[in-house]
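Q:
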Amino acid sequence: MEFNFGTVALVLFVVAMVFVFKTINVVPQQHAWVVERLGKYHATLAPGLNIVVPFIDRVAYKHILKEIPLDVPPQVCITKDNTQLQVDGILYFQVTDAMRASYGSSNYIAAISQLAQTTLRSVIGKMELDKTFEERDHINTTIVNGIDESAANWGVKVLRYEIKDLTEPKEILHAMQAQIT
Numbered sequence: 107m108e109f110n111f112g113t114v115a116l117v118l119f120v121v122a123m124v125f126v127f128k129t130i131n132v133v134p135q136q137h138a139w140v141v142e143r144l145g146k147y148h149a150t151l152a153p154g155l156n157i158v159v160p161f162i163d164r165v166a167y168k169h170i171l172k173e174i175p176l177d178v179p180p181q182v183c184i185t186k187d188n189t190q191l192q193v194d195g196i197l198y199f200q201v202t203d204a205m206r207a208s209y210g211s212s213n214y215i216a217a218i219s220q221l222a223q224t225t226l227r228s229v230i231g232k233m234e235l236d237k238t239f240e241e242r243d244h245i246n247t248t249i250v251n252g253i254d255e256s257a258a259n260w261g262v263k264v265l266r267y268e269i270k271d272l273t274e275p276k277e278i279l280h281a282m283q284a285q286i287t
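Taking this note's numbering, the leading residue of the sequence shown gets 107, the next gets one more, and so forth.
#1: Indicate whether L235 and T189 have their beta-carbon atoms separated by less than 9 Å.
#2: Measuring CA to CA, which of F119, L176, A258 is closest to G210?
#3: Taking only the alpha-carbon atoms, compute the straight-line gap between K168 and A138 and give it to the nearest angstrom.
#4: Just verifying my parser: in three-state terms, what is the DSSP assignment at L197?
#5: Kindly indicate the opening and closing residues of the alpha helix (DSSP H) around L144.
#6: Please report the distance separating the alpha-carbon of I218 from that of V117.
#7: In terms of residue numbering, what span does the alpha helix (DSSP H) encompassing Q223 cover?
#8: If you compare alpha carbons, which of P160, V178, L151 is closest to V124?
#9: Quick one: any contact between the segment 235-245 and the segment 173-180, if contact means 3 or more CB pairs under 8 Å?
#10: Considering Cα atoms alone, identify which of I269, K232, T225, V114 is closest to D254.
#11: Smallest Cα separation from L197: which of N246, I286, G145?
#12: Would G154 be called buried (16 or more neighbouring beta carbons within 10 Å of its own) or exposed?
#13: Who are the Cβ neighbours of V133 in its own chain at under 7 Å, not counting the five residues just before and after it?
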């Protein structure tokens, strides 16, 4: 069997190109990529041109460092005066540490959403129905402070929480309308 120099050169060229393309990674602005070397955390790649060792290093996680809105599912909360209130909110957060966001929690988005719900129930449970409408800013601030403490371990900074809607049960709405008329 005879080897052709052109074929060998072509194969070597293709292998070299694959090696070069696997080595060079361009991370976009406002992103952070987590690199694992042989299955263990190795580095966090910053935006720009980065070099990794092909077939040994791999990009395991990609995080966006921009502010991210998270719609917290509506839930029914019980106030201090035993009134049910449906609350709908939105949470704004930002990944600050890509390594912690990758390894601190199996799903940090679900974790902060559930933590927002439990904190909201706790805050609303300490207030009377009338106060919940008056003190929305206080509720928002308390929720952010409560979540931010735990979220720091997940590499996430909670920026703000906004209550989109507070809805009382229909019985209370009918009673309020009857009182007005």
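Virtual Cβ for every residue (Gly too), placed ideally from N, Cα, C. Model, not experiment: these values are computed from the prediction.
A: Once the coordinates are examined:
#1: yes
#2: A258
#3: 6 Å
#4: strand
#5: Neither: L144 is in no alpha helix (DSSP H) and is coded neither H nor E.
#6: For I218 and V117, the distance between alpha carbons rounds to 50 Å.
#7: 214-231
#8: P160
#9: no
#10: T225
#11: Here the closest residue by C-alpha is N246.
#12: exposed
#13: W139, L151, A152, P153, G154, N156
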